[in-house]
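*Asks:* Under my numbering, the first residue of the sequence shown carries the number 179, and numbering increases by one thereafter.
Even glycine gets a Cβ: it sits at the ideal position worked out from N, Cα and C.
Take this structure first; my questions come after.
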Amino acid sequence: MTGSSPDDPGEVYAQYEVPKNSRKNTTTIAKTIGSSKPKKEGYTFSHWKERNLSDPSKLGSKVSGVIWTNETDQYIYAQYTQNVKLYFMTGSSPDDPGEVFAEFEVPKNSRGNTTTIAKTIKTAVPCKVGCQFSHWREAKLNNPSVLGNKVSGVIWTNDSDQYIYAQYK
């Protein structure tokens, strides 16, 4: 289901015939939907969650492998993370932002390896007359009017848009 719960089921994303009372490795994500992921505007797919078998009006566990079934149809719901915009700016600070060089939609509250330079801007760099690009520097998450850390790999986001500024030599 493209919706996130029994109360908001959305549309049927995919449908499969599977054995009743399935346990162990009989019915799995890999054997059914595989790596296919639904899309929802403004959101990034996070994971699948099954309907609770004993109380179908509630969500059950996260499904990452085995899918348990009983005597009735089982519904698996898509879970999403809301997105924010990530802006790479040609200017060097919030006081001198320049122009938007590149823009990406990324998951809000991103940590770890979810949002990175390699997954967004890659090796693209802005040009500034008389200057050579050095690196990217983010606005502080807790105070976006101040420059924060140098960004060379992982990019953290909060629940609002994030700005990253070009630094020049």
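(1) Is the segment 325-335 in contact with the segment 284-292, if contact means three or more CB pairs nearer than 8 Å?
(2) Using three-state DSSP, classify Asn-261 as helix, strand or coil.
(3) Need the endpoints of the beta strand (DSSP E) that Gly-238 sits in, please.
(4) Quick one: is Asn-261 buried, meaning 16 or more other Cβ sit within 10 Å of its Cβ, or exposed?
(5) Measure from the alpha carbon of Ala-296 to the alpha carbon of each residue in Trp-314, Ser-270, Asn-230 and Thr-247, then state which is nearest.
(6) Quick one, which of Pro-184, Val-241, Ser-214 and Tyr-343 has its alpha-carbon nearest Glu-281's?
(7) How about Asn-248 and Asn-199: do their beta carbons lie closer than 8 Å?
(8) Three or more C-beta pairs closer than 8 Å, one from the segment 294-309 and one from the segment 214-233: is that the case here?
(9) Does DSSP put Asn-327 in a helix, a strand or coil?
(10) Using three-state DSSP, classify Ala-296 as helix, strand or coil.
(11) Spatial neighbours of Glu-189 within its chain, please: CB distance less than 6 Å, with the 5 preceding and 5 following residues excluded, ordered by chain position.
*Replies:* Taking the geometry as given:
(1) yes
(2) Start at 1 with the first residue of the sequence shown, and residue 261 comes out as number 83. Correct three-state label for Asn-261: strand.
(3) Residue numbering aside, residue 238 sits at position 60 when the sequence shown is read from its first letter. Note, Gly-238: beta strand (DSSP E), 237-241.
(4) Locating residue 261 in the sequence shown gives position 83, counting from the first residue. Its Cβ being crowded by 16 or more others within 10 Å, Asn-261 is buried.
(5) Here residue 296 refers to the residue found at position 118 when the sequence shown is read from its first residue. When each option's Cα is compared against that of Ala-296, the closest is Trp-314.
(6) Here the question's residue 281 lines up with position 103 in the sequence shown. Among Pro-184, Val-241, Ser-214 and Tyr-343, the Cα nearest to that of Glu-281 belongs to Tyr-343.
(7) Translated into positions along the sequence shown, residue 248 becomes position 70. Translated into positions along the sequence shown, residue 199 becomes position 21. Yes; because the gap between Cβ atoms is below 8 Å, this pair is in contact.
(8) no
(9) One-based indexing of the sequence shown puts residue 327 at position 149. Reduced to three states, the DSSP call for Asn-327 is strand.
(10) For the purposes of this step, residue 296 is taken as residue 118 along the sequence shown, with counting starting at 1. The answer is coil: DSSP assigns Ala-296 none of H, G, I, E or B.
(11) Locating residue 189 in the sequence shown gives position 11, where the first residue counts as 1. Taken in chain order, the residues that qualify are Thr-180.
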